[in-house]
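Q:
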Amino acid sequence: MKLEKSKIQFSIGKNPSKNFYKIVLVAKDHLPKELETKFPDQIKSFIFAGEPGQSLTDEPDRTIYLGVGEAAKASIRGVAQYFFSFGEKLRKWDGVGLEIKVPRFLTKNLSPTGLVYQIANSVDLGAFPLNVLTKDFKEKKPKFGPVTFLIEDPGAEKAAAQGLEKSKAVSKYVNGCRFISHLPANHFTPEEFVSRSKEIAKENGLKITVFDEPQLKKEKMGGILAVSQGSDKKPKMILLEYHPTKPKTKKKLALIGKGLTFDSGGISIKPAQDMHEMKYDMCGAAAVIHAIGAISELGLGVPVIAAIGVAENMPDAAAVKPGDVYTAHNGLTVEVQNTDAEGRLVLGDVLSYVGKKFKPDYMVDLATLTGAIIISLGHEAAGVMSNSEKLRELIDEASLSSEERTWNLPLWDEYGEDLKSDIADLRNVAGRPGGSLSAGKYLERFVDSGIEWAHIDIAGTAWRKKASGTQIGNGPSGYGVRLLVDLVEKLEKQK
22 MKLEKSKIQF SIGKNPSKNF YKIVLVAKDH LPKELETKFP DQIKSFIFAG EPGQSLTDEP
82 DRTIYLGVGE AAKASIRGVA QYFFSFGEKL RKWDGVGLEI KVPRFLTKNL SPTGLVYQIA
142 NSVDLGAFPL NVLTKDFKEK KPKFGPVTFL IEDPGAEKAA AQGLEKSKAV SKYVNGCRFI
202 SHLPANHFTP EEFVSRSKEI AKENGLKITV FDEPQLKKEK MGGILAVSQG SDKKPKMILL
262 EYHPTKPKTK KKLALIGKGL TFDSGGISIK PAQDMHEMKY DMCGAAAVIH AIGAISELGL
322 GVPVIAAIGV AENMPDAAAV KPGDVYTAHN GLTVEVQNTD AEGRLVLGDV LSYVGKKFKP
382 DYMVDLATLT GAIIISLGHE AAGVMSNSEK LRELIDEASL SSEERTWNLP LWDEYGEDLK
442 SDIADLRNVA GRPGGSLSAG KYLERFVDSG IEWAHIDIAG TAWRKKASGT QIGNGPSGYG
502 VRLLVDLVEK LEKQK
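Numbering-wise, my numbering comes out as the position in the sequence shown, counting from 1, plus 21.
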């Protein structure tokens with residue numbers, strides 16, 4: 022399955038085309054004098070005052086003035102969110118480009134690298150359509166004009182160029198993650214997951230290993246096999262390995278993803294309303310395989326393993342039933358009291374296998390694991406649970422620089438007490454209170470001692486109805502790709 026490259030040509034400097042709009046970022050306390058001269062009535066009457074997101078178009082001059090609020094309060098997150106709409110405009114326009122003027126007051130207060138990186142990301146994400154199965158998409162082939170950045174402060178130009186180069190690599194993979202996440206389950210099965218993984222591996226020279234059902238049985242991956250029993254789609258475990266040509270550390274990072282291409286809930290079937298959204302239950306796995314692609318393309322100096330468990334959870338005569346007991350990869354027996362708590366069964370096997378096979382120093386899993394995390398954090402942040410203060414701090418730093426929000430939650434032993442079963446080593450649910458936290462404690466049972474591990478529950482951030490900050494709305498956001506890239510950048514700098 023081919024990975025789409027960006028159709029927009031980005032660069033630093035003046036726009037080379039004859040057909041483009043200039044975008045001038047202005048603060049309410051730094052209004053250009055030209056505005057007061059050209060539009061005195063609009064300024065005096067506060068039709069345009071430089072408020073956040075407010076815009077004024079000078080059509081004869083083909084200039085759009087875009088407000089960012091008070092200069093001192095402007096943030097990368099706040100500025101970047103306005104550019105999704107410009108990406109959407111580029112897709113509708115025919116060959117029209119943009120020349121984005123980045124003023125000195127912004128690069129003085131904010132990182133030029135991060136600012137240009139996220140603005141370029143937003144333009145690219147907004148320009149990337151998700152209606153790929155429509156007749157309109159197949160017939161309409163939009164022509165994109167070039168997008169350039171004019172950096173007012175010459176001293177910030179080099180840093181801005183670095184941000185733009187990073188965006189060229191990363192936004193392609195964020196959009197790739199969004200693309201496969203949005204495909205319905207009859208168009209993206211476990212087999213298609215293999216196809217996309219092979220394409221990423223081929224493009225980046227990664228080693229890939231695919232475990233089909235016979236190998237899963239041989240490795241005693243009871244969790245993945247139990248979840249897939251009710252489906253005619255065979256389960257997979259896919260491993261991608263990145264070995265940098267110039268490693269900057271011997272520490273190894275493993276990225277683990279939950280890949281339920283559809284989750285009906287199984288015998289513990291979900292309500293019909295919004296069940297169609299369960300095609301998104303593979304967003305963790307989608308983020309992980311695209312993150313390792315971006316990490317490789319950027320040539321980062323940390324060895325990385327990406328491992329995903331892929332299955333479909335369906336009700337069937339052969340499906341796992343509430344009360345059934347299976348044996349996981351690490352030998353623990355698990356009583357399945359709710360077949361809709363299936364992601365942890367898949368992740369448990371993959372965590373155990375990767376820990377024993379590769380012995381990574383750090384292990385991070387991403388999963389759309391619990392609805393409870395949405396009750397806790399809404400759609401603004403993913404929940405982080407970790408056995409390592411050091412790894413938790415690194416994720417915090419990566420969250421701040423990537424603008425993909427996370428929030429730390431406790432992993433106290435008390436949250437695992439109700440996972441005790443009266444017939445097996447543990448059961449897969451512990452009741453509604455603290456549901457995200459007991460899920461984290463469940464996963465912890467499959468992490469070998471000595472591995473610094475973090476679980477990131479992305480159920481609230483993986484898809485959303487409206488945009489917020491750097492997270493695009495109206496479907497899958499691609500959350501996690503930028504976070505993991507920045508996490509590897511932080512690991513590069515560890516002594």
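Heads up, the beta-carbon is just placed ideally off N, CA and C, and yes, glycines get one too.
(1) How many Å lie between Gly108 and Gly166 at the Cα?
(2) Roughly how many whole angstroms lie between the Cα atoms of Phe283 and Lys257?
(3) Are Pro343 and Thr354 touching if we call contact CB-CB under 8 Å?
(4) Who are Leu274's beta bridge partners in DSSP?
(5) Note down, one range per segment and in chain order, each alpha helix (DSSP H) of at least 4 residues found wholly within the stretch 55 to 111.
(6) Let me check one thing: in DSSP terms, what residues is Leu281 bridge-paired to?
(7) Can you tell which of Asp370, Pro175, Pro324 and Ala95 has its C-alpha closest to the C-alpha of Lys239?
(8) Where does Gly471 fall in DSSP's three states?
(9) Alpha carbon to alpha carbon, how far is Pro235 from Ser96?
(10) Got a sec, what are the start and stop residues for the beta strand (DSSP E) Glu234 sits in?
(11) Starting from the C-beta of Val341, find all residues in its chain whose C-beta is less than 6 Å away, skip the five residues before and the five after it, and write them out in chain order.
(12) Please list the segments of the beta strand (DSSP E) lying wholly inside the stretch 434 to 516, counting only runs of 3 or more residues, in order along the chain.
(13) Look up Ile394 in the DSSP assignment and say whether it is helix, strand or coil.
(14) To which residues of the same chain is Leu10 closer than 8 Å at the C-beta, ignoring the five residues directly before and after it?
(15) In three-state DSSP terms, what is Val144?
(16) Tell me the rounded alpha-carbon separation between Ala267 and Asp439.
(17) So, Ser397 versus Ser459, is the Cβ gap smaller than 8 Å?
(18) Taking just the CA atoms, how far does Leu319 sit from Lys514?
(19) Tell me whether the beta-carbon of Arg365 lies closer than 8 Å to the beta-carbon of Leu390.
(20) Which of the three DSSP states, helix, strand or coil, is assigned to Asp370?
(21) Look at the Cβ atom of Gly330, then the Cβ atom of Val367, and state whether they are nearer than 8 Å.
(22) Cα separation between Pro37 and Arg98?
(23) Using CA coordinates, which residue listed in Ile229, Tyr463 and Gly452 is at the minimum distance from Asp434?
A: The structure says:
(1) In the sequence shown, residue 108 corresponds to position 87, counting from 1. In the sequence shown, residue 166 corresponds to position 145, counting from 1. Cα-Cα distance, rounded: 11 Å.
(2) Here residue 283 corresponds to residue number 262 of the sequence shown, with the count starting at 1. Here residue 257 corresponds to residue number 236 of the sequence shown, with the count starting at 1. Whole-angstrom Cα-Cα distance: 14 Å.
(3) For this step, residue 343 is matched to residue 322 along the sequence shown. For this step, residue 354 is matched to residue 333 along the sequence shown. Not closer than 8 Å, so no.
(4) By one-based count along the sequence shown, residue 274 stands at place 253. Beta-bridge pairing links Leu274 to Val325 and Tyr383.
(5) 61 to 65 and 97 to 101
(6) Residue mapping note: residue 281 aligns to position 260 of the sequence shown, counting from 1. In the DSSP output, where bridge partners are listed per residue, Leu281 has Ala332.
(7) Residue 239 sits at position 218 when you count from the first residue of the sequence shown. It is Asp370.
(8) Reading the sequence shown from its first residue, position 450 is the one you call residue 471. Coil, per DSSP.
(9) Start at 1 with the first residue of the sequence shown, and residue 235 comes out as number 214. Start at 1 with the first residue of the sequence shown, and residue 96 comes out as number 75. Their backbone Cα atoms lie some 51 Å apart in a straight line.
(10) Numbered from 1 along the sequence shown, position 213 holds the residue referred to as residue 234. Glu234 -> not in any beta strand (DSSP E); alpha helix (DSSP H) instead, spanning Glu234 to Lys239.
(11) Stepping through the sequence shown from its first residue, residue 341 is reached at position 320. Closer than 6 Å at Cβ, skipping near neighbours: Ala247, Gln250, Val357 and Thr360.
(12) 473 to 478
(13) What you label residue 394 is simply residue 373 of the sequence shown in a count that begins at 1. Ile394: helix per DSSP, three-state reduction.
(14) Residue 10 cannot be examined here, being either before or after the span of the chain that is shown, 22 to 516.
(15) Mapped onto the sequence shown, residue 144 falls at position 123. Val144: helix per DSSP, three-state reduction.
(16) Working through the sequence shown from its first residue, we reach residue 267 at position 246. Working through the sequence shown from its first residue, we reach residue 439 at position 418. The sequence given here places Lys at residue 267; Ala does not occur at that position. When rounded, the distance between both Cα atoms is 47 Å.
(17) Locating residue 397 in the sequence shown gives position 376, where the first residue counts as 1. Locating residue 459 in the sequence shown gives position 438, where the first residue counts as 1. No, the Cβ-Cβ distance between Ser397 and Ser459 is not below 8 Å.
(18) Position 493 of the sequence shown, counted from the first residue, corresponds to residue 514. Position 298 of the sequence shown, counted from the first residue, corresponds to residue 319. Rounded to the nearest angstrom, the two C-alpha atoms are 15 Å apart.
(19) For the purposes of this step, residue 365 is taken as the residue at position 344 of the sequence shown. For the purposes of this step, residue 390 is taken as the residue at position 369 of the sequence shown. Cβ distance < 8 Å, so Arg365 and Leu390 count as in contact.
(20) Walking along the sequence shown from the start, residue 370 turns up at place 349. Looking at Asp370 - three-state DSSP - the assignment turns out to be helix.
(21) Here residue 330 corresponds to residue number 309 of the sequence shown, with the count starting at 1. Here residue 367 corresponds to residue number 346 of the sequence shown, with the count starting at 1. Yes. Within cutoff.
(22) Taking the first residue of the sequence shown as position 1, residue 37 is located at position 16. Taking the first residue of the sequence shown as position 1, residue 98 is located at position 77. Between Pro37 and Arg98, the C-alpha separation is close to 28 Å.
(23) As a working note, residue 434 is residue 413 in the sequence shown. Among Ile229, Tyr463 and Gly452, the Cα nearest to that of Asp434 is on Tyr463.
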